[in-house]
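A.B. asks: Top line first, the protein sequences correspond to chains A and B.
Residue numbers for the first sequence, in the numbering used here: 32 to 331.
Residue numbers for the second sequence, in the numbering used here: 32 to 331.
Number of protein chains: 2
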Amino acid sequence: MAESQGAEPLFRRLALLGIGLIGSSVARIAMQNRAIAGEVVASARTQATLDRVRELGIADRVELDPARAVEGADCVMLCAPVGAYAALAEAIAPHLAPGAILTDVGSTKQSVIRDVGPLVPGGVHFVPAHPLAGTEYSGPDSGFVTLFQNRWCLLTPPPGTDADAVERIAELWRRFGSMVEVMEPSHHDRVLAIVSHLPHLLAFTICGTADDLEGESRQQVLQFAASGFRDFTRIAASDPVMWRDVFLNNREALLEMLARFTEDAQAMARAVRWGDAAYIEESVQRGRRIRRSLIEMKQA
Amino acid sequence: MAESQGAEPLFRRLALLGIGLIGSSVARIAMQNRAIAGEVVASARTQATLDRVRELGIADRVELDPARAVEGADCVMLCAPVGAYAALAEAIAPHLAPGAILTDVGSTKQSVIRDVGPLVPGGVHFVPAHPLAGTEYSGPDSGFVTLFQNRWCLLTPPPGTDADAVERIAELWRRFGSMVEVMEPSHHDRVLAIVSHLPHLLAFTICGTADDLEGESRQQVLQFAASGFRDFTRIAASDPVMWRDVFLNNREALLEMLARFTEDAQAMARAVRWGDAAYIEESVQRGRRIRRSLIEMKQA
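What follows is the structure in structure tokens.
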């Protein structure tokens with residue numbers, strides 16, 4: 032979106048709490064495009080991360096204390112693992128500016144509303160968001176300005192959220208290059224459980240199963256990984272703390288999807304054991320049909 | 032490998048029984064590089080496939096009858112789904128030329144030795160092989176000449192196989208651009224169960240689990256597939272008959288690996304249910320370590 036020189040930016044001051052893959056990508060975009068934020072403030076859990084942010088030049092200012100980082104910010108974005116949100120929200124709540132928008136980028140949304148919602152002061156707008164974008168890398172060095180381009184960002188505002196605040200966060204993500212959709216938090220968590228959280232759980236698990244094999248076989252898993260296993264290890268290389276928190280904070284939906292999956296895998300095991308060729312063939316056909324639908328939707 | 036003009040080719044006549052992704056890639060390479068085979072004969076289950084092979088110009092001759100295809104061939108390669116091997120071997124056995132080498136490209140090796148081995152006439156050499164290469168596409172149009180480059184081909188000759196015959200098949204695959212390794216058939220089946228067959232089974236299964244979701248969620252699985260699910264659908268798009276036969280013919284190893292995996296997935300489910308953060312984090316860390324090992328081995 033073209034912005035005339037000197038026009039008012041979307042936000043005067045954007046405070047990012049957490050500066051890993053997502054936070055540092057947001058910071059890089061905002062530093063490049065001054066129509067997004069007049070000032071970018073970065074906060075992180077460790078001074079070492081902030082020193083690196085300064086070296087990279089991806090924020091105007093760094094603050095170790097999140098309470099100081101949010102002072103005077105009209106947009107505050109939580110970019111830490113979702114398990115850290117409650118403590119962060121508690122620390123910043125008294126320091127949020129009246130009229131500010133508090134948002135986030137976490138992969139679970141009911142837990143965020145549960146943990147953060149009650150702490151948001153009157154006069155501050157709370158617009159939870161989740162950009163469906165990522166790589167297997169993490170930390171302030173891993174971000175890049177095109178991360179969100181042509182990716183979805185899902186907004187899950189609680190009932191009664193100010194419509195202007197929702198629209199400003201939607202506009203923020205559109206300026207990052209994303210497509211925006213508003214969704215019920217519970218529906219978000221269910222959909223993400225099957226499209227993202229369960230695939231990651233399966234990928235982490237099969238890596239462990241392979242790692243437990245005896246001597247020579249274990250070595251050969253690595254040697255011959257190209258045969259399918261490698262596709263699983265890419266998504267299994269993701270940030271451990273982030274994923275630990277996602278699993279723990281989308282427990283119900285994840286366990287339900289894993290239970291459904293396990294039933295289906297056991298039905299497949301039974302078909303293999305008893306030689307039910309038709310069942311196996313039909314299962315593979317379904318995979319093909321889904322892949323074809325994806326390609327038709329230009330997602331693949 | 033440079034060959035001087037007019038030198039004797041590695042095989043005088045190469046007969047390919049089955050002309051899908053693998054068979055048609057072999058055919059394309061052999062037609063381009065006359066140092067590999069003096070004549071390429073293709074056989075397939077249907078006349079329509081052979082008509083297509085003729086249109087594509089990827090064989091010197093086509094034969095619907097596999098018995099006629101193998102006559103006078105000094106190398107016969109089974110490139111059909113492994114479930115079709117027993118009937119094919121029965122049909123061609125009386126027609127194999129003395130001194131010929133019978134080989135294959137199937138993903139399961141104990142079953143191939145069980146089904147084909149007893150039918151191989153005296154004086155014919157049997158060298159089972161498995162190129163670890165593929166895409167999610169199938170049929171005679173899907174092959175391409177670089178499919179095997181820098182990929183492994185595993186040879187699993189039964190005890191007592193003629194060493195010269197093994198070396199000639201090894202040389203064939205090296206000319207296709209592959210790295211060759213000789214392996215015990217049972218060891219092959221176990222390693223492939225974890226690096227290839229189980230990942231495919233999980234991918235087919237999760238596609239089905241997602242496909243079973245109710246209305247809106249099912250639609251959104253496709254819309255938001257980029258979040259991990261999509262990586263699974265790529266390998267789930269593979270040929271149904273080929274994979275049905277792989278599962279049925281590597282039953283013991285596949286069921287064992289699936290049982291181990293299921294135990295591990297249940298342990299993860301338990302950790303999620305009871306909030307065992309350390310267990311989950313350690314599981315994700317293992318995935319990362321395996322990915323790192325892969326990258327160090329230059330496989331990734």
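All C-beta atoms, glycine included, are put in the ideal place defined by N, C-alpha and C.
Computed from a predicted model, the values in this text were never measured in an experiment.
For A/A225, which option in B/E212, B/A224 and B/D242 has the closest C-alpha, if you only look at C-alpha atoms?
C.D. replies: Reading off the sequence shown, one finds Ile at residue 225 of chain A, where the question assumed Ala. Comparing Cα-Cα distances from A/I225 to each of B/E212, B/A224 and B/D242, the minimum goes to B/D242.
A.B. asks: CA-CA distance, A/F235 and B/G318?
C.D. replies: A/F235 and B/G318: Cα-Cα distance of roughly 5 Å.
A.B. asks: The stretch 261-272 of chain A: which residues have C-beta closer than 9 Å to a C-beta of chain B, in chain order?
C.D. replies: So the list reads R261, D262, F263, T264, R265, I266, A267, A268, S269, D270, P271 and V272, given in the order they occur along the chain.
A.B. asks: So which residues of chain A does B/V113 contact, with C-beta pairs closer than 8 Å?
C.D. replies: Here the premise fails: no neighbours, minimum Cβ distance about 12 Å.
A.B. asks: Measure the CB-CB distance between B/L45 and B/A68 and report whether it falls below 8 Å.
C.D. replies: Their beta carbons are under 8 Å apart, which means B/L45 touches B/A68 by this criterion.
A.B. asks: Going by alpha carbons, who is nearest to A/S173 out of A/L48, A/R320 and A/R83?
C.D. replies: Checking every option, the nearest Cα to that of A/S173 belongs to A/R83.
A.B. asks: Short of 7 Å in beta carbon distance, which residues of its chain neighbour B/E332, apart from the five on each side in sequence? Order them along the chain.
C.D. replies: In this structure chain B extends from 32 to 331, so residue 332 of chain B is not present and cannot be described.
A.B. asks: Tell me the DSSP secondary structure of B/L127 in three-state form.
C.D. replies: Coil, per DSSP.
A.B. asks: If you draw a straight line from the C-alpha of A/T293 to the C-alpha of A/L109, how long is it?
C.D. replies: Using only the alpha carbons, I get a separation of about 34 Å.
A.B. asks: Would you call the stretch 215-223 of chain B and the stretch 283-298 of chain A in contact, with 3 or more CB pairs under 8 Å?
C.D. replies: In short, these stretches do not touch, since the Cβ pair count stays below three.
A.B. asks: Among A/A128, A/L52, A/L48 and A/P129, whose alpha-carbon lies nearest the alpha-carbon of A/A117?
C.D. replies: Of A/A128, A/L52, A/L48 and A/P129, the residue nearest in Cα terms is A/L48.
A.B. asks: Determine, using beta carbons only, whether B/L119 comes closer than 8 Å to chain A.
C.D. replies: Taking Cβ atoms only, chain A never reaches closer than 8 Å to B/L119, which makes this a no.
A.B. asks: Do we get a CB-CB distance below 8 Å when we pair A/E312 with the residues of chain B?
C.D. replies: So, interface residue.
A.B. asks: Closest by CA to A/R199, which one among A/F157, A/R282 and A/D276?
C.D. replies: It is A/F157.
A.B. asks: Please check if any C-beta of chain A sits within less than 8 Å of the C-beta of B/M32.
C.D. replies: Model confidence at B/M32 stands at a pLDDT of 44, short of 50, so the residue's coordinates are unreliable and nothing is read from them.
A.B. asks: B/Q251 touches chain A at which residues, Cβ-Cβ below 7 Å?
C.D. replies: Per Cβ cutoff of 7 Å: V222.
A.B. asks: Should the stretch 176-185 of chain A be called in touch with the stretch 96-113 of chain A, which here means at least 3 C-beta pairs below 8 Å?
C.D. replies: As far as the Cβ criterion goes, the stretch 176-185 of chain A does not touch the stretch 96-113 of chain A, which means the pair count is below three.
A.B. asks: Is there at least one Cβ from chain B nearer than 8 Å to A/C238's Cβ?
C.D. replies: Yes, contact with chain B.
A.B. asks: In this structure, how does DSSP classify A/T192 when only helix, strand and coil are distinguished?
C.D. replies: It is coil, neither helix nor strand.
A.B. asks: Check distances from the C-beta atoms of the stretch 313-326 of chain B to those of chain A and list, in chain order, the residues that come in under 7 Å.
C.D. replies: Within the stretch 313-326 of chain B, the qualifying residues are S314, V315, Q316, R317, G318, R319, I321, R322, S324 and L325.
A.B. asks: Are the Cβ atoms of B/A58 and B/A90 separated by less than 8 Å?
C.D. replies: Against a cut-off of 8 Å, the Cβ pair of B/A90 and B/A58 comes out as a contact.
A.B. asks: Extract the residue ranges of the beta strand (DSSP E) inside the stretch 40-96 of chain B, only unbroken runs of 3 or more that lie entirely within it.
C.D. replies: Listed in chain order, the complete beta strand (DSSP E) runs (minimum 3 residues) inside the stretch 40-96 of chain B are 42-48 and 68-74.
A.B. asks: 8 Å is my cut-off, CB to CB: does A/T293 come that close to chain B?
C.D. replies: By this cut-off, A/T293 is an interface position.
A.B. asks: Leaving out five residues on either side along the sequence, give the residues of the same chain with a beta carbon under 7 Å from the beta carbon of B/I144.
C.D. replies: The answer, listed in chain order, is P159, P189 and P216.
A.B. asks: Count the other C-beta atoms from every protein chain shown that fall within 10 angstroms of the C-beta of B/L325, then say buried if there are 16 or more, exposed otherwise.
C.D. replies: Flag for B/L325 reads buried.
A.B. asks: Where are the alpha helix (DSSP H) runs, 4 residues long or more, that stay fully inside the stretch 219-292 of chain A, in chain order?
C.D. replies: If we require 4 residues or more, the alpha helix (DSSP H) runs fully inside the stretch 219-292 of chain A come out as 229-242, 246-254, 260-266 and 271-280.
A.B. asks: Please work out which residues of its chain come closer than 7 Å, Cβ to Cβ, to A/V101, disregarding the five sequence neighbours upstream and downstream, and give them in chain order.
C.D. replies: Only A46, V107, I123, H126 and L127 meet the Cβ criterion.
A.B. asks: Buried or exposed, going by whether 16 or more other CB atoms sit within 10 Å of the CB of A/G51?
C.D. replies: Classification of A/G51: buried, given that the 10 Å Cβ count is 16 or more.
A.B. asks: Is there at least one Cβ from chain B nearer than 8 Å to A/G259's Cβ?
C.D. replies: Closer than 8 Å: yes.
A.B. asks: Which class does A/P162 belong to by DSSP, given the choice of helix, strand or coil?
C.D. replies: Here A/P162 sits in strand by DSSP.
A.B. asks: Sorted by chain position, which residues of the same chain lie with C-beta nearer than 8 Å to B/L244's C-beta, five sequence neighbours on each side aside?
C.D. replies: Cβ within range, chain order: V252.
A.B. asks: Can you have a look at A/H214 and say buried or exposed, based on whether 16 or more other CB atoms are within 10 angstroms of its CB?
C.D. replies: In the sequence on display, residue 214 of chain A carries Met and not His. Buried.
A.B. asks: Could you compute how far the alpha carbon of B/S258 sits from the alpha carbon of A/V151?
C.D. replies: In a straight line, the C-alpha of B/S258 is about 29 Å away from that of A/V151.
A.B. asks: By the 10 Å Cβ neighbour count, where 16 or more other Cβ atoms means buried, how is B/S35 classified, buried or exposed?
C.D. replies: Reliability fails at B/S35, whose pLDDT of 49 lies under 50, so the model's placement of it is uncertain and the value that follows must be treated cautiously. Answer is exposed; the Cβ neighbour count stays below 16.
A.B. asks: Could you list which residues in chain B have their beta carbon closer than 8 Å to that of A/R182, in chain order?
C.D. replies: Under the 8 Å cutoff, chain B gives A257.
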